[in-house]
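In what follows, a structure is listed as structure tokens, so that the remarks can point back to it.
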Amino acid sequence: MSLDATDRRILAALQRKGRMSNAELSETVHLS
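Our numbering puts the sequence shown at residues 3 to 34.
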């Protein structure tokens, strides 16, 4: 499985703060 840029941004955000909500995560990685 290969990771794209969005996947890497999601993983990096979760490594910094693993208990964020889905809404906070999507805002952090600039998804709708």
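Ideal placement from N, C-alpha and C gives every residue a C-beta, glycine not left out.
* To do: Could you pull out every residue in the same chain whose Cβ sits closer than 7 Å to the Cβ of Arg11, ignoring the five residues on either side in sequence?
  => For this step, residue 11 is matched to residue 9 along the sequence shown. Taken in chain order, the residues that qualify are Val31.
* **For Ser23 and Leu16, the rounded distance between their alpha carbons** => Within the sequence shown, residue 16 is the residue found at index 14, counting from 1. Within the sequence shown, residue 23 is the residue found at index 21, counting from 1. The straight-line gap from Cα to Cα measures roughly 10 Å.
* So what does DSSP say about Asp6, is it helix, strand or coil? -> Start at 1 with the first residue of the sequence shown, and residue 6 comes out as number 4. DSSP places Asp6 in the coil class of the three-state scheme, outside both helix and strand.
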